[in-house]
Amino acid sequence: MPAPAQRRIIFQHIDEPGYTNDLACYLRHGGYANLRQAVTRKPEELIDEVKKSGLRGRGGAGFPCGVKWDLVDRKSGKPIYLVVNADESEPGTFKDRYIIHQDPHQLIEGIMITCFANNVKQAYIYIRGEFPEGARILEKAIAEARAGGFVGPNILGTGYGCEIYVHRGAGAYICGEETGLIESLEGKRPYPRIKPPYFPAVLGLYQCPTIVNNVETLCHVKKIVEIGGEAYAKIGTPNNTGTRILCVSGHVQRPGYYEFEVGKVTLGELLNEVCGGPLPGRRFKAVIPGGSSAKVLRFGERFKGKRKIGNDLVDYDWGVEDVPMDFDCLAMIGSMGGSGGVIVMDDSVDIVAALANINEFYAHESCGQCTPCREGSLWMKKISARMVHGEARTEDGALLKSVADQIAGRTICAFGEACSWPTQSFLAKFGDEFKAYPESRKAAAAPAVPLA
Amino acid sequence: MTSPAKTELVTVNIDGKEIAVPKGTNVIEAARLVGVDVPHYCYHPKLSVVGNCRMCLVEMGMPAVDPATKAPVMDPATGCQKINWIPRPQIGCATNASPGLHIRTQTPQIRDCREGVMEFLLINHPLDCPICDQAGECKLQEQSTGYGRGYSRFVEQKNVKPKRTQLGPRVTLDDERCILCSRCIRFSKEIAKDDVLGFIDRGSYSTLTCYPGRKLENNYSLNTVDICPVGALTSTDFRFKMRVWFLKQTNSLDTESSVGANTVVWSREGVIYRITPRRNDAVNDTWMADSGRLLYKAVRAESRLTAKDSLAALLARAETILRLSPGLAAVVGSGQSSVEEQFLTRQLAHALNAPAYLVSRTAEGDGILVSADRNPNVRGALVTGLVSDLPQPYLDDLGEAIDRGDVRTVVSVGEDLMAAGLSATQLAKISVIQLGTQVCASSVAASVVIPTLTVFEKAGTMINQQFRLQRFAKAVAGPVGAFDDLEVLARLIAAAGGPAEPSDLAGVWTRLAAEIPALRGLSYAAVPETGVVLDASPWASLPFVEGESLHHRPALVAASA
Ligand SMILES: Cc1cc2nc3c(=O)[nH]c(=O)nc-3n(C[C@H](O)[C@H](O)[C@H](O)COP(=O)(O)O)c2cc1C
Ligand code: SF4
Ligand code: SF4
Ligand code: FES
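In structure tokens:
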């Protein structure tokens, strides 16, 4: 069966010849019609549409967007803020940047609809420091939108007003974690907050109720208002509605962005057909399906169990290639859809070196607030770097796993999982390579210059 | 007076032990009440909760209820309500008591959590306990013994960080020992209101530092040393001086102002090495000012007064002077004396039929733990009846009396008469019998000098700005040639022809309990460690100089608010 075709709703116009990121072009393509329509409706109705749509967050956790909006404390009398998470830092993920660069007004329209629905008067786009171009594009687009009456004190003559501010980060992955982001936005070190009590929906930015949503999520909100929640829910698969952008990188013929209905394409179809399969003479070895913190899958392993389809429990017996790319199936086989970053490794990859690379990243990015993550991430980095560049010991694999086991589930924020899942899964899936590593190193060429 | 708001009590279960605690009490404090230790580093009862060390992880559960009917779900095995345990461990410091909360601290998972955190804290730690001042009172040492694995699996290079940074005039930092708990940062920001500390860099390379161009030099900087759970922050004064396990601890008071912060004096073989705060939630919480920690330097100061003559010889000279000009004496008492000394000073004035004065000591208060009244015990002088009004800024009335020739002899109980406002000419006109511990202008001018003891060398009580009667105990013996204040005063009274007065604490307290209405029924031994608040109503209308501070709102302010 050939792979299903892409279904581009976020990328509807992106990459079309002649489609530019200015307001005029956006308006020519029917832009801001959904906002125009939204402001004539009751805010509760809009929230209802989003609930009906079944939209799940595209930032990593896949949390239902309507439920998140429902949790917002609307009785406190304090202002409600919207924070747009454009920190896109998870290795392997590059969709939000593309949206911002190519179609910023789509995001702005999604933001304004969300603000109107939630009675938000101030929205912040927190964009990572490494996206200066994106920040410039957003500033320009917001200015255009303000001039056009889509943003600002009196939106489309309704009397409803809302401002959007762009805030640039200073280059730290942890600023993507929503409470770290909020601290950073307040001008502090981005130390994630303890939850309880600091749930953003109640005690978020400046201790006010705050909605944090990913860039892509908010673009979907615009689409939901356009076609209605029920119609949107028919796209994708039950509980995994809509489309999602998959960012494929690594050892495939055609890496890039692909937008599919959630769950309609399998990993095998995506990699072999859509992305053209492995590089010449190579075979797939491993794939990380949802950003570098998602658990790795090893080609050749099988996943068996029962899953719910409709009201029935049916058996499944999948190879890596058979797994549908949706939140639930990826979770079922012990990994996650995460941020949509699919990282492919072929048989040229030294799996220990790959883990050392990932560990290096997380050790560098741990905020350092809580003990297990702070110390464990650097320890794992030191062990795996030593294995690659110095002397590997047969017991190092077991030690690595034990260190990772002391982190996950014991930290302030989900970075603890993000930094330990790679090690845990690499060891679970490729434990043999770690064991054999000292011997294989002896046969290998002279060591490379050590990592800093 | 308003009665304190009733706090709702809730019953929680910790390791199988039920206890009722005020709603919102956190698990660490609740566990303490049932004798269960929940080890922790970053939590401090007087600072905000950040939950960063992860040492206090516990298992948490709530009684199960049927989601539909809300009826309790029973466990057939035990016959009790079933408990739904959360699989993920929770931090005790940020978990607050709610009805039915169940906590387990002794499970394999929690043991593993603690071992993990201990191992993580130690891998980059220099393990230089043999040369570390904190050894013996280090939470890292204690908890690695109690909860660690006892061996290391770490074969990598340890991180290298700055070893001896002078954060300010009194605090030295060893960043390699720092476990990044942020207590010192929170203290500086929340209590000292001097937000100068912070971390730079990130991850395991995070480094505590002072804001560029600033110093940790506020008058509370040494509290960071007290609350640092490890040997990262050390007192520059105490550094490398003494092993803490050799030191004897004596409860005392900070006598630098009327706040009366509770303290501990640490000494060995008659030598004091440091002073630290002692927790009193109604007075100073767990803090004290740096300035109060240096007071012990008076004990061995160059200017310390001692006598070569015996006390009997000194008293004989004093008696001669007192006899020379009967009816023309005055007594200058002190707000730095203890309640007991002030009572005897009053009795001395009675015996001499002389007026009693008190020396005022005021300066700006800092709003925290140093009040505007730099006498620790003006209220003692009021309560004992030594004086009936607040002291004048200077001893002008006494000066005029001297100038008129109404006063020829002055007994000064520890006060420098010159500093208190008498001129050299006035001093030259009188004979001074000077009691005290330090050389001063009036001891130089005095006819008789009777050296006495510092607060560290004797016991007694003082009454702070809240009218709280608090005890201090004797930490070290006084030097040869200095005499106990009570004995000196009792014998002076006798020399002045007064009745026999007791010269020991217990004896004076028998007199106080009988004579002084506010102290009726009390005894020295009966005063609790945290003090006892006296009825202040007889003095309610006096314009006390203190402003607002940590646990004190002046009565007049409180009334007008
Ligand atoms: C360590 C860490 C990093 C994260 N980084 C990002 C990020 O770069 N972008 C993002 O949208 N969400 C990120 N998240 C998820 C956010 O915390 C948050 O869940 C998300 O922005 C919510 O948006 P959504 O509900 O629309 O997905 C991160 C989470 C963690 C724990
Ligand atoms: S888990 Fe890591 S990133 Fe998250 S708060 Fe703790 S130290 Fe910081
Ligand atoms: S110096 Fe001490 S108190 Fe401050 S963060 Fe480090 S360990 Fe904690
Ligand atoms: S005491 Fe540090 S996390 Fe609770």
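Protein chains in written order, with the working numbering: chain U, 338 to 789; chain F, -9 to 551.
Using N, Cα and C, we set each Cβ at its ideal position, and we do this for glycine too.
None of these values were measured; they are calculated from a predicted model.
- Contact note: U/S714 reaches chain F through G193, S194, using a C-beta cutoff of 8 Å and chain order.
- Listed in chain order, the non-local C-beta contacts of F/V535 below 6 Å within the same chain comprise T352, A362, D363, local neighbours out to five positions each way being set aside.
- Annotated three-state conformation of U/Q443 is helix, per DSSP.
- Looking at the DSSP output, F/T310 shares a beta bridge with no other residue.
- If you check the C-beta of U/C704 against ligand 2, you find a heavy atom less than 7 Å away.
- Taking 8 Å as the threshold, the shortest C-beta distance from U/P341 to chain F does not fall below it.
- By the criterion of at least three beta-carbon pairs nearer than 8 Å, the stretch 190 to 206 of chain F is in contact with the stretch 150 to 157 of chain F.
- Chain-ordered, the residues whose CB falls short of 7 Å from any heavy atom of ligand 3 come out as F/L163, F/C168, F/I169, F/L170, F/C171, F/S172, F/R173, F/C174, F/I175, F/L198, F/T214, F/I217, F/C218, F/P219, F/V220, F/A222, F/L223.
- At a cut-off of 8 Å between C-beta atoms, U/T580 does not count as an interface residue with respect to chain F.
- The stretch 434 to 498 of chain F is shown to contain whole alpha helix (DSSP H) runs of 4 or more residues at 475 to 485, in chain order.
- Within 7 Å of the C-beta of F/N42 there is at least one heavy atom belonging to ligand 4.
- In this structure, F/A279 lies away from F/E309, with their beta-carbon atoms at least 8 Å apart.
- In the displayed model, U/D742 falls within a helix according to three-state DSSP.
- When the Cα atoms are used, U/L555 and U/V624 turn out to be separated by approximately 28 Å.
- Taking 7 Å as the cut-off, the C-beta of F/C103 does not count as close to any heavy atom of ligand 4.
- Beta-bridge annotation (DSSP): F/Y31 is not paired with any residue.
- Distance between F/V186 and U/C707, taken at the CA atoms: about 22 Å.
- Among the CB atoms of chain U, none fall inside 8 Å of the CB of F/N252.
- Close CB contacts of F/D474 within its chain, under the 8 Å cut and outside five residues either way in sequence, are with T442, L443, K448, G468, S493 (chain order).
- F/W529 sits buried, since 16 or more C-beta atoms from the chains shown fall within 10 Å of its C-beta.
- Going by DSSP, F/P53 is part of the beta strand (DSSP E) stretching over 47 to 53.
- In the DSSP annotation of this structure, the continuous segment of the alpha helix (DSSP H) that includes F/T214 starts and ends at 212 to 217.
- Counting the other Cβ atoms within 10 Å of the Cβ of F/D165 gives 16 or more, which makes it buried.
- Neighbours of U/P533 across chain F, judged by C-beta separation under 9 Å: A84, T85, N86.
- Taking all protein chains shown into account, F/A371 has 16 or more neighbouring C-beta atoms within 10 Å of its C-beta and is therefore buried.
- Along the stretch 745 to 769 of chain U, going in chain order, the ones with a CB nearer than 8 Å to a CB of chain F are G746, R747, T748, I749.
- If the five residues before and after F/I76 are omitted, its C-beta is found closer than 6 Å to the C-beta atoms of M50, all from its own chain and listed in chain order.
- Under the Cβ criterion of 8 Å, U/R465 is not counted among the residues facing chain F.
- Less than 8 Å separates the beta-carbon of U/C584 from that of U/G677.
- In this structure, U/S586 has its CB at a distance of at least 7 Å from all heavy atoms of ligand 1.
- Identification of chain F residues near U/S703 by a Cβ-Cβ cut-off of 8 Å yields R192, G193, S194, ordered along the chain.
- For F/V498 against F/L512, the beta-carbon gap comes to about 12 Å, at or over 8 Å, which does not count as contact.
- Distance from the Cα of F/G487 is smallest, within the candidate group F/D27, F/K7, F/A344, for F/A344.
- Taking 8 Å as the cut-off, the Cβ atoms of F/L459 and F/A435 do not count as close.
- Assigned with DSSP and collapsed to three states, U/D665 falls in helix.
- In this structure, F/P62 has its beta carbon at no less than 7 Å from each heavy atom of ligand 2.
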